[in-house]
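These notes concern the structure reproduced below.
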Amino acid sequence: MADRSQTGEIFGVPYNFERPSIGRMFSSYWQPGEGMLVEKPFGIGYTLNLSNWRAWVVLAVAGVLLYTERRGEDEMPEDEPVEVIVD
Numbered sequence: 868m869a870d871r872s873q874t875g876e877i878f879g880v881p882y883n884f885e886r887p888s889i890g891r892m893f894s895s896y897w898q899p900g901e902g903m904l905v906e907k908p909f910g911i912g913y914t915l916n917l918s919n920w921r922a923w924v925v926l927a928v929a930g931v932l933l934y935t936e937r938r939g940e941d942e943m944p945e946d947e948p949v950e951v952i953v954d
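Sequence positions in the sequence shown follow my numbering and run 868 to 954.
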């Protein structure tokens, strides 16, 4: 097990299973000059680069969608009969 690499790529998807540190976590999520997606500091795949404005747009849209979904659940009537017409 010791001779296995803890970082690399499988089918073009990066992985990293090294023990995370605070410095590596911060530097992974904040990379000015890079694209919207960057490699995860721990685990498999990609994550959002918080120094990129497009990542904040994605987070804002996700937050609005979550808010409207939760708000819609509160306004739904419960256990009312539904009339179904079959021709």
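From the three backbone atoms N, C-alpha and C, an ideal C-beta is built for every residue, glycine too.
Beta bridge counterpart(s) of residue i as assigned by DSSP
i: glycine 910; result: Asn883
i: leucine 915; result: Leu904
i: isoleucine 877; result: Val880
Contact belief for residue i with residue j at Cβ below 8 Å, rounded distance in angstroms
i: asparagine 883; j: glycine 902; result: Asparagine 883 to glycine 902, Cβ: 18 Å. No contact.
Rounded separation between residue i and residue j - CA only
i: glutamate 950; j: tyrosine 934; result: 30 Å
i: proline 881; j: lysine 907; result: 8 Å
i: glycine 900; j: asparagine 916; result: 10 Å
i: valine 924; j: aspartate 946; result: 37 Å
i: asparagine 919; j: proline 948; result: 49 Å
i: valine 931; j: glycine 939; result: 12 Å
i: aspartate 954; j: alanine 929; result: 41 Å
i: arginine 891; j: phenylalanine 878; result: 24 Å
i: serine 970; j: serine 872; result: In the structure as shown, the chain begins at 868 and stops at 954. Residue 970 is therefore absent and cannot be evaluated.
i: arginine 921; j: isoleucine 952; result: 47 Å
i: phenylalanine 893; j: glutamate 885; result: 15 Å
i: alanine 927; j: arginine 937; result: 15 Å
i: threonine 874; j: glutamine 898; result: 19 Å
Beta-carbon spacing of residue i, residue j below 9 Å
i: tyrosine 896; j: leucine 904; result: no
Unbroken alpha helix (DSSP H) run spanning residue i, endpoints
i: serine 895; result: 889 to 896
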